[in-house]
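K.L.:
Per the numbering used here, the sequence shown starts with residue 8, numbered consecutively. Dropping the structure in here first, questions after.
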Amino acid sequence: MAEQADQGHVQLPPGVNLDQPSVARVYDYMLGGYHNFEIDRQTAEKFAAVFPDFGLTARVNRAFLRRAATFLALQGIDQFLDLGSGIPTVGNVHEIVRQYQPEARTVYVDIEQVAIAHAEMLLADDPGTIAILADVRHPGDILDHPRVRSLIDFTRPVGLMAVALLHYVLDDDEAERVIDTFKDALPSGSYCAIGVWTYDDAPRDIMEKYAQMTRVLTTPGAPRSREKVMRYFNGLDLLEPGLVHGPQWRPDGPDDLLLDEPGRSVNWVGVARKP
Ligand SMILES: C[S@@+](CC[C@H](N)C(=O)[O-])C[C@H]1O[C@@H](n2cnc3c(N)ncnc32)[C@H](O)[C@@H]1O
8 MAEQADQGHV
18 QLPPGVNLDQ
28 PSVARVYDYM
38 LGGYHNFEID
48 RQTAEKFAAV
58 FPDFGLTARV
68 NRAFLRRAAT
78 FLALQGIDQF
88 LDLGSGIPTV
98 GNVHEIVRQY
108 QPEARTVYVD
118 IEQVAIAHAE
128 MLLADDPGTI
138 AILADVRHPG
148 DILDHPRVRS
158 LIDFTRPVGL
168 MAVALLHYVL
178 DDDEAERVID
188 TFKDALPSGS
198 YCAIGVWTYD
208 DAPRDIMEKY
218 AQMTRVLTTP
228 GAPRSREKVM
238 RYFNGLDLLE
248 PGLVHGPQWR
258 PDGPDDLLLD
268 EPGRSVNWVG
278 VARKP
C-alpha cells in the first residue's frame with residue numbers, strides 16, 4: 008500500500024500497521040498532507056460522511072496552533088516542546104516561531120512512528136530541532152530524555168504545546184496528571200498552549216456516532232467538558248480571552264473560519280503563563 012504521492016520517501020519503520028488507521032495520518036490527510044495510506048483516507052472519508060465538519064475542524068485546530076505559537080514567540084519564547092506534534096505538515100511549530108525567534112529550538116514528541124520518521128527526515132540538517140518517539144503518558148521519559156535535555160534549557164522559559172492531544176489520554180485523571188507533570192517541570196515565565204476535543208456546543212447525536220467510529224484508530228480519543236479542560240490550566244495564569252473555542256482565540260480577522268459558529272470547531276483552547 009503506497010503512501011499518497013510518496014513525497015517523503017522514508018522507509019516505513021518496523022511495526023507500522025498499515026491495516027489500522029492512525030490519528031496522525033488521518034489528520035495529515037484532512038490537512039491536505041501526503042503522509043497517509045489508503046486505510047487512513049478511507050477512514051477519514053467515513054468520518055466525514057457522519058461528521059461533515061471533520062476536515063474543517065482540523066484546519067481550525069491547526070490555525071489555533073499557528074496563532075498560539077506565534078504569540079509565544081512574540082513573548083520572547085525561543086524553546087518549544089510540542090507534545091503530540093503529529094506528522095510534519097504545513098506550518099510546523101519550528102517554522103512558525105523562527106519567523107520571530109530565528110534561533111528557536113523545538114522538540115517534537117509523538118507516539119506515532121510514522122510521524123517521527125517523517126520529522127527526522129525533514130529535520131536531519133537542523134540541529135535546533137529534534138523529534139522523539141515517546142508516549143506523553145510517561146512524562147518522565149520525555150523530560151529526562153538526554154536529547155530533550157540537550158536542546159531545552161529548563162532553567163529558561165519554555166513554550167509547551169499540547170494542541171489536540173490530551174483527549175487521547177483516555178483516563179481523565181491521568182490526562183490531568185500528565186499535563187501537571189509537564190507544567191511542574193517548567194520554570195516561571197513559561198507558557199502552555201492547550202487545545203482539547205469537546206462536543207459541549209456541537210450536535211450530540213452526530214458527535215457520539217463519530218466518537219464511536221474513532222475507536223478504530225490506533226489512538227482513540229475521549230472528548231472533554233469545558234470544566235475538565237479548565238483544570239489543565241490549574242496553577243497557571245490563563246491569558247485573554249480565556250478558555251474558548253478555537254476560532255475565538257485571538258483571531259487574525261473577521262474572515263477566520265467558524266468565527267460566527269465557534270462551537271462547530273469542537274475544541275476548547277487556551278494559552279496560559281506560569282507565574
Ligand atoms: C490530532 S494530532 C494533533 C497534531 C498537532 N498537535 C496539531 O494540533 O496540529 C494528535 C497527535 O497526538 C499524537 N498522540 C496521541 N496520543 C499520544 C501519546 N500518548 N503520546 C504522544 N503523542 C500522542 C497522535 O499520534 C497525533 O499525531
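Glycine residues also receive a C-beta, built at the ideal position from the N, C-alpha and C atoms.
1. Considering aspartate 35, what are the terminal residues of the alpha helix (DSSP H) in which it resides?
2. Excluding five sequence neighbours on each side, which residues of the same chain lie with their C-beta closer than 7 angstroms to the C-beta of arginine 154?
3. If we count the other Cβ atoms within 10 Å of its Cβ and call it buried at 16 or more, is lysine 216 buried or exposed?
4. Measuring from the CB of tyrosine 68, is there a heavy atom of ligand 1 at a distance below 7 angstroms?
5. Taking the continuous alpha helix (DSSP H) assigned at aspartate 2, which residues delimit it?
6. Going by the beta-carbon positions, is the gap between arginine 233 and aspartate 207 smaller than 8 angstroms?
7. Go ahead and label aspartate 85 buried or exposed: buried means 16 or more other beta carbons lie within 10 angstroms of its beta carbon, across all protein chains shown.
8. Suppose the cutoff is 6 angstroms on Cβ atoms and the five residues either side in sequence are ignored; what does the same chain contact list for alanine 9 look like?
9. With three or more beta-carbon pairs closer than 8 angstroms as the criterion, would you say the segment 198 to 207 touches the segment 100 to 113?
10. For my contact list, arginine 231 and histidine 174 are in at a C-beta cut-off of 8 angstroms; report their separation, rounded to the angstrom.
11. Using the beta-carbon count (16 or more within 10 Å), is glutamate 268 buried or exposed?
12. With burial defined as no fewer than 16 other Cβ atoms inside 10 Å of the residue's Cβ, what is the status of aspartate 263: buried or exposed?
13. Does at least one heavy atom of ligand 1 sit under 7 angstroms from the Cβ of isoleucine 201?
14. Glutamate 181: buried (16+ other C-beta within 10 angstroms of its C-beta) or exposed?
15. If you draw a straight line from the C-alpha of leucine 243 to the C-alpha of glutamate 45, how long is it?
16. Applying the 10 Å Cβ sphere with the 16-neighbour rule, what's the burial state of glycine 83?
17. In whole angstroms, give me the CA-to-CA distance for methionine 220 and glycine 39.
18. Return the bridge partner residues of valine 170 from the DSSP annotation.
19. How far does the beta strand (DSSP E) with glutamine 86 in it extend, from its first residue to its last?
20. Apply the 10 Å Cβ neighbour rule to threonine 162 and answer buried if 16 or more other Cβ atoms are within range, or exposed otherwise.
P.N.:
In terms of the structure at hand:
1. For the purposes of this step, residue 35 is taken as residue 28 along the sequence shown, with counting starting at 1. Taken as a continuous stretch (DSSP letters only), the alpha helix (DSSP H) holding aspartate 35 covers 30 to 37.
2. Your numbering for residue 154 matches position 147 in the sequence shown. The residues are Ile137, Ile139.
3. Counted from its first residue, the sequence shown places residue 216 at position 209. Looking at its Cβ environment, which holds fewer than 16 other Cβ atoms inside 10 Å, lysine 216 is exposed.
4. Numbered from 1 along the sequence shown, position 61 holds the residue referred to as residue 68. It is worth fixing the name first, because residue 68 is asparagine in this sequence and not tyrosine. Asparagine 68 Cβ: within cutoff of ligand 1.
5. The chain is shown from 8 up to 282; residue 2 falls before or after that span and cannot be answered.
6. By 1-based counting over the sequence shown, the position of residue 233 is 226. By 1-based counting over the sequence shown, the position of residue 207 is 200. Yes, Cβ-Cβ distance for arginine 233 and aspartate 207 is below 8 angstroms.
7. Within the sequence shown, numbered from 1, the residue matching residue 85 stands at position 78. Aspartate 85 counts as buried, since at least 16 other C-beta atoms from the protein chains shown sit within 10 angstroms of its C-beta.
8. Numbered from 1 along the sequence shown, position 2 holds the residue referred to as residue 9. Residue placement at alanine 9 cannot be trusted, given a pLDDT of 43 that sits under 50; what the coordinates show is reported in the next sentence. Hits under 6 angstroms: none found.
9. Contact fails between the segment 198 to 207 and the segment 100 to 113, because fewer than three Cβ pairs, one in each stretch, are under 8 angstroms apart.
10. Along the sequence shown, read from residue 1 onward, the residue named residue 231 stands at position 224. Along the sequence shown, read from residue 1 onward, the residue named residue 174 stands at position 167. Histidine 174 and arginine 231 do touch by the CB rule: their CB atoms are close to 6 angstroms apart, below 8 angstroms.
11. Against the sequence shown, residue 268 aligns to sequence position 261. Of the other Cβ atoms in all chains shown, fewer than 16 fall within 10 Å of the Cβ of glutamate 268; this residue is therefore exposed.
12. As a first step, residue 263 must be located in the sequence shown, where it is residue number 256. Aspartate 263 comes out buried.
13. For the purposes of this step, residue 201 is identified with residue 194 of the sequence shown, where counting begins at 1. No, the beta carbon of isoleucine 201 sits no closer than 7 angstroms to any heavy atom of ligand 1.
14. As a working mapping, residue 181 is identified with position 174 in the sequence shown. An exposed status is given to glutamate 181, since fewer than 16 other beta-carbon atoms sit within 10 Å of its beta-carbon.
15. Along the sequence shown, one-based indexing puts residue 243 at 236. Along the sequence shown, one-based indexing puts residue 45 at 38. Distance between the alpha carbons of leucine 243 and glutamate 45 is about 42 angstroms.
16. Walking along the sequence shown from the start, residue 83 turns up at place 76. It is exposed - the Cβ of glycine 83 has fewer than 16 other Cβ atoms within 10 Å.
17. Within the sequence shown, residue 220 is the residue found at index 213, counting from 1. Within the sequence shown, residue 39 is the residue found at index 32, counting from 1. The straight-line gap from Cα to Cα measures roughly 21 angstroms.
18. The sequence position of residue 170 within the sequence shown is 163, counting from 1. In DSSP, valine 170 forms a bridge with Gly202.
19. Here residue 86 corresponds to residue number 79 of the sequence shown, with the count starting at 1. Residue range 86 to 90 is occupied by the beta strand (DSSP E) that includes glutamine 86.
20. As a working mapping, residue 162 is identified with position 155 in the sequence shown. Exposed, because fewer than 16 other Cβ atoms sit within 10 Å of the Cβ of threonine 162.
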